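Participant:
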Amino acid sequence: MKRRAFLQTAVAGAMSAAMPARSIWAASSEINSNIDAIKLNGDSTVIEKAVAAEFEAALNGHVILPSTEGYDAARASWNGMIDKHPALIVRCVDASDVSSAVNLAREYELLTAVRGGGHSVAGKSNCEGGILIDLTEMQAISVDPEARSAKVQPGVLLGGVDVATQKFGMATPAGVVSHTGAAGLTLGGGFGKLSRVYGLTADNTRYFDIVTPDGEFRRANVSENPDLFWALRGGGGNFGVVTQFEYQLHPVGTDFLTGALVFPLEKSEAVLNFYADWITTAPKELQTSIAAICLPNGKGFINMSIFYAGDPAAGEKVIEPMRAFDKPQRDDIAVKKYIDLQKRTDRNVPHGQQYYQKAGFMKTIEPGLVEAAVSTLNNPKPFTQTVNFTQVGGAISEIDMGATAYANRDAAAQVVLGGSWRKKVDEQEEWIELIRADWKKMYPYTNGFYINNMMGDEGDARVRANFGSNYDRLVELKNKYDPMNLFRLNANVRPTV
Ligand SMILES: Cc1cc2nc3c(=O)[nH]c(=O)nc-3n(C[C@H](O)[C@H](O)[C@H](O)COP(=O)(O)OP(=O)(O)OC[C@H]3O[C@@H](n4cnc5c(N)ncnc54)[C@H](O)[C@@H]3O)c2cc1C
Numbered sequence: 015m016k017r018r019a020f021l022q023t024a025v026a027g028a029m030s031a032a033m034p035a036r037s038i039w040a041a042s043s044e045i046n047s048n049i050d051a052i053k054l055n056g057d058s059t060v061i062e063k064a065v066a067a068e069f070e071a072a073l074n075g076h077v078i079l080p081s082t083e084g085y086d087a088a089r090a091s092w093n094g095m096i097d098k099h100p101a102l103i104v105r106c107v108d109a110s111d112v113s114s115a116v117n118l119a120r121e122y123e124l125l126t127a128v129r130g131g132g133h134s135v136a137g138k139s140n141c142e143g144g145i146l147i148d149l150t151e152m153q154a155i156s157v158d159p160e161a162r163s164a165k166v167q168p169g170v171l172l173g174g175v176d177v178a179t180q181k182f183g184m185a186t187p188a189g190v191v192s193h194t195g196a197a198g199l200t201l202g203g204g205f206g207k208l209s210r211v212y213g214l215t216a217d218n219t220r221y222f223d224i225v226t227p228d229g230e231f232r233r234a235n236v237s238e239n240p241d242l243f244w245a246l247r248g249g250g251g252n253f254g255v256v257t258q259f260e261y262q263l264h265p266v267g268t269d270f271l272t273g274a275l276v277f278p279l280e281k282s283e284a285v286l287n288f289y290a291d292w293i294t295t296a297p298k299e300l301q302t303s304i305a306a307i308c309l310p311n312g313k314g315f316i317n318m319s320i321f322y323a324g325d326p327a328a329g330e331k332v333i334e335p336m337r338a339f340d341k342p343q344r345d346d347i348a349v350k351k352y353i354d355l356q357k358r359t360d361r362n363v364p365h366g367q368q369y370y371q372k373a374g375f376m377k378t379i380e381p382g383l384v385e386a387a388v389s390t391l392n393n394p395k396p397f398t399q400t401v402n403f404t405q406v407g408g409a410i411s412e413i414d415m416g417a418t419a420y421a422n423r424d425a426a427a428q429v430v431l432g433g434s435w436r437k438k439v440d441e442q443e444e445w446i447e448l449i450r451a452d453w454k455k456m457y458p459y460t461n462g463f464y465i466n467n468m469m470g471d472e473g474d475a476r477v478r479a480n481f482g483s484n485y486d487r488l489v490e491l492k493n494k495y496d497p498m499n500l501f502r503l504n505a506n507v508r509p510t511v
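Whatever position you read off the sequence shown (first residue = 1), add 14 for this note's numbering.
#1: Taking Ala-87 as the reference, which of Asn-140, Leu-73, Lys-53 has the closest Cα?
#2: Excluding the 5 residues preceding and the 5 following Ala-154 in the sequence, name in chain order all residues of the same chain whose CB lies nearer than 6 Å to its CB.
#3: Check whether the stretch 483-503 touches the stretch 454-468, taking contact to mean three or more Cβ pairs, one atom from each stretch, closer than 8 Å.
#4: Kindly indicate which residue of Gly-314, Phe-315, Ile-347, Asp-340 has the alpha-carbon position closest to the one of Gly-329.
#5: With a threshold of 16 other CB atoms inside 10 Å of the CB of Arg-18, please say whether the residue is buried or exposed.
#6: Can you tell which of Gly-195, Phe-243, Lys-438 has its C-alpha closest to the C-alpha of Asn-218?
#7: What does the alpha-carbon distance come out to for the pair Glu-490 and Ser-237?
#8: Going straight from the alpha carbon of Arg-120 to that of Glu-142, what length do you get?
#9: 8 Å is my cut-off, CB to CB: does Pro-100 come that close to chain D?
#10: Less than 7 Å between the CB of Val-191 and some heavy atom of ligand 1, yes or no?
#11: Could you tell me whether any non-hydrogen atom of ligand 1 is closer than 7 Å to the CB of Asn-467?
#12: Is Trp-244 near ligand 1, judged by its Cβ being under 7 Å from some heavy atom?
#13: Report the option in Phe-288, Gly-374, Asp-97, Pro-396 whose CA atom is closest to the CA atom of Val-406.
#14: Looking at Phe-222: is its Cβ nearer than 8 Å to the Cβ of Leu-246?
#15: With C-beta atoms as the reference, is Trp-453 less than 8 Å away from Lys-357?
#16: Just to confirm, does Leu-199 get its C-beta within under 7 Å of one of the non-hydrogen atoms of ligand 1?
#17: Going by beta carbon distance, what residues of the same chain come within less than 6 Å of Ile-410, once the five residues before and after it are set aside?
#18: So which of Lys-438, Glu-441, Gly-408 has the shortest CA-CA distance to Pro-187?
#19: Is Glu-260 helix, strand or coil when you go by DSSP?
#20: Quick check on this structure: which residue in Ala-216, Thr-226, Gly-132, Thr-272 has the alpha carbon closest to the alpha carbon of Ala-421?
#21: Comparing the CB of Thr-543 with every heavy atom of ligand 1, is any distance shorter than 7 Å?
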C-alpha cells in the first residue's frame with residue numbers, strides 16, 4: 015500500500031520535471047537489506063528492502079546509506095559539533111527526486127531534514143535516524159540580465175550567486191560568507207551588505223518552486239499560491255522543499271567603497287559606544303558591522319567594517335566621523351571588488367570547527383549591552399570568543415511587518431555572541447555553559463532573534479513570540495500545507511489540526 019502510493023506520485027513527479035539530471039555522486043549504495051529508520055514521533059520503523067531498492071531505481075540521484083562509502087562526508091555539517099546519523103541520505107538532482115523523497119518521508123512518517131548549503135549552526139539540516147533530503151547537487155544557476163533575474167537551485171552557495179550575477183555587474187542582496195547556502199538563508203530572510211538599500215534576500219525573491227508535503231510541485235509568487243509566497247519569505251523550511259528560487263537582480267556595479275578600521279581589543283568599550291551612537295544616523299547606503307575577537311590568551315582586536323552602496327566619493331564623506339573617532343591600528347578602506355569582499359571573511363569561519371552561538375536583534379544598542387559585550391571580551395575563555403554586530407534596518411524596515419512572514423523588520427542591528435574551537439573536546443558542555451552565561455547578560459537588551467541563527471534551544475514559546483503577529487497566519491498555512499508537521503526541523507510552526 016505504502017509502496018504504491020509513493021511510486022505513483024514519483025512517476026507523476028518525473029513527468030513534470032524538466033530534463034532529468036544525473037548525479038555526480040561516485041559511490042552508489044547497494045540496497046540489500048531493510049532500512050531501519052526513526053519516525054516523526056520517535057518510534058522505529060522499517061523501509062522494506064524492495065521498497066527502498068525501487069525508490070532508488072526511480073531516482074536520478076542516489077541514496078546514501080551508513081554502509082555507503084563517503085557516508086560520513088555526506089552527513090557532515092558546516093558546524094563540526096553536529097554529529098547526526100541519518101538512516102538514509104537522498105542526494106536529489108532534480109525536482110522529481112525531491113518529490114519522490116518527500117513522498118517516501120510522508121508515507122513512512124520519517125523524521126525529515128532538508129539540506130541546502132548545510133550551514134544551519136544548530137544542525138537542523140541533518141537528523142538522527144531519519145531521512146536527509148540533500149540538495150547539494152542541485153547546482154544550476156542562470157542569469158537573465160535583460161529581465162534582471164537569476165534562477166538558482168537550492169544547492170547553490172552564495173559565492174555561486176555572486177560570481178554568476180557580478181559577470182553582468184548585478185547582485186541580489188544576500189549574506190557575507192560565500193560558502194553559506196542560498197536556500198536556507200533566503201527562506202529565513204537573508205541579509206547582507208546590500209540589504210539596507212534593497213531589502214532581504216526573501217524580499218528579492220520573485221518566485222519559489224516548491225515540492226509541498228503532499229509531494230506536489232507548486233510555484234509561489236504574487237499570483238500563484240500567494241499565501242505560500244507570503245509564508246516562504248521568512249517562514250523558514252516549514253512548508254516543503256524549495257527546488258528553485260528566482261531572484262530579482264540590481265545593476266549595482268562591481269566596485270564599492272569598503273573595508274575596516276581595526277582597533278586593539280582594549281578599546282572595545284569606546285569603539286562600541288561610538289558605533290552604537292553612529293549607526294542611529296547612518297544613511298541606508300552605509301552598512302556597517304563590528305567583529306570583536308578575543309583569543310584564549312586574551313589577545314584580540316575589534317574591527318569596524320563599512321560598505322557603501324553608492325558613489326565612493328559620497329561614501330568617503332559619510333565615513334569621515336568614523337575615521338576621526340580614533341586612530342586605528344589599520345585602515346584598509348578603499349574601493350574594492352564586491353566579489354572579493356564577499357569572500358573576505360570565509361576563512362575565519364571554516365567548515366568542521368566546533369561552533370556555538372547566541373544571537374538577538376535590537377532597535378538600539380543600549381549601554382548595558384555594550385557593558386555586557388565588553389565584560390565578555392575582557393574575560394578570556396579556553397576558546398575563541400567573538401562578538402559581532404551587524405547593522406540591518408534601512409530598506410528591510412520600510413516593508414510592512416505583515417507583508418511577509420519575516421517578522422523582525424523593526425530591528426536596527428543584530429548581535430551574535432559566538433564561541434569556536436577546532437576539535438571536539440571533553441569540556442564541550444562546560445564551554446557552552448560559559449557562552450550561555452555571558453549571553454544571559456546580553457539577552458535582556460535584545461528583542462527577538464533571526465531564525466537562521468537559532469541554536470535550537472530557544473523553545474517553542476520564543477519561536478512563537480518571535481514571529482509576533484505573523485504567527486497565527488503561519489499556523490493557518492501550516493495547517494493547510496503541512497498538517498502532519500513533516501517539516502519540523504526548523505523554527506517550527508506547529509500545526510493545530
Ligand atoms: C558562516 C556563516 C555565515 C552566515 N552569514 C549570514 C549572513 O551574512 N546573512 C544571513 O542572513 N545569514 C547568515 N548566516 C545564517 C544562514 O542564513 C543560515 O545558516 C542558513 O540556514 C544557511 O542556509 P543553508 O542552505 O546553508 O542551510 P542548511 O543548513 O542547508 O539549511 C538550514 C535550514 O533551512 C531549511 N532549508 C534549506 N534548504 C531548503 C530548501 N531547499 N527547501 C526548504 N527548506 C530548506 C531547512 O529547514 C534547514 O534545516 C550565516 C551562517 C553561517 C554559518
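Note that the Cβ used here is the ideal one computed from N, Cα and C, for glycine as well. Source: prediction; values computed, not measured.
Facilitator: Let me lay it out:
#1: Here residue 87 is taken as the residue at index 73 of the sequence shown, counted from 1. Closest option to Ala-87, Cα to Cα, is Asn-140.
#2: For the purposes of this step, residue 154 is identified with residue 140 of the sequence shown, where counting begins at 1. These residues qualify, in order along the chain: Gln-167.
#3: no
#4: Position 315 of the sequence shown, counting from 1, holds the residue named residue 329. Nearest C-alpha to Gly-329: Ile-347.
#5: Reading the sequence shown from its first residue, position 4 is the one you call residue 18. Since pLDDT at Arg-18 reaches only 45, below the 50 mark, its modelled position is unreliable, and no value is offered.
#6: Sequence index remark: in the sequence shown, residue 218 carries index 204 (1-based). Asn-218 has its Cα closest to that of Phe-243, out of Gly-195, Phe-243, Lys-438.
#7: Locating residue 490 in the sequence shown gives position 476, counting from the first residue. Locating residue 237 in the sequence shown gives position 223, counting from the first residue. When rounded, the distance between both Cα atoms is 19 Å.
#8: Working through the sequence shown from its first residue, we reach residue 120 at position 106. Working through the sequence shown from its first residue, we reach residue 142 at position 128. For Arg-120 and Glu-142, the distance between alpha carbons rounds to 17 Å.
#9: Here there is only one protein chain, and chain D is not present.
#10: Within the sequence shown, residue 191 is the residue found at index 177, counting from 1. It does: the Cβ of Val-191 is within 7 Å (strictly closer) of some heavy atom of ligand 1.
#11: Numbered from its first residue, the sequence shown carries residue 467 at position 453. Checking every heavy atom of ligand 1 against the Cβ of Asn-467, one is found closer than 7 Å.
#12: Sequence index remark: in the sequence shown, residue 244 carries index 230 (1-based). Flag unset: Cβ of Trp-244 not near ligand 1.
#13: Walking along the sequence shown from the start, residue 406 turns up at place 392. Taking only the C-alpha atoms, the option nearest Val-406 is Gly-374.
#14: Looking up residue 222 in the sequence shown gives position 208. Looking up residue 246 in the sequence shown gives position 232. Against a cut-off of 8 Å, the Cβ pair of Leu-246 and Phe-222 comes out as a contact.
#15: Residue numbering aside, residue 453 sits at position 439 when the sequence shown is read from its first letter. Residue numbering aside, residue 357 sits at position 343 when the sequence shown is read from its first letter. No, they are not a contact pair.
#16: Sequence index remark: in the sequence shown, residue 199 carries index 185 (1-based). At least one heavy atom of ligand 1 is nearer than 7 Å to the Cβ of Leu-199, so yes.
#17: As a first step, residue 410 must be located in the sequence shown, where it is residue number 396. For Ile-410, where only same-chain residues beyond five positions count, the Cβ hits under 6 Å are Ser-209, Gly-213, Leu-214, Arg-423.
#18: Walking along the sequence shown from the start, residue 187 turns up at place 173. Considering only alpha carbons, the answer is Gly-408.
#19: Position 246 of the sequence shown, counted from the start, is the residue given in the question as residue 260. Residue state, collapsed to three classes: strand.
#20: Here residue 421 refers to the residue found at position 407 of the sequence shown. With distances taken between Cα atoms, Ala-421 lies closest to Ala-216.
#21: Because residue 543 is not part of the residues shown, which for the chain are 15 to 511, the question remains open.
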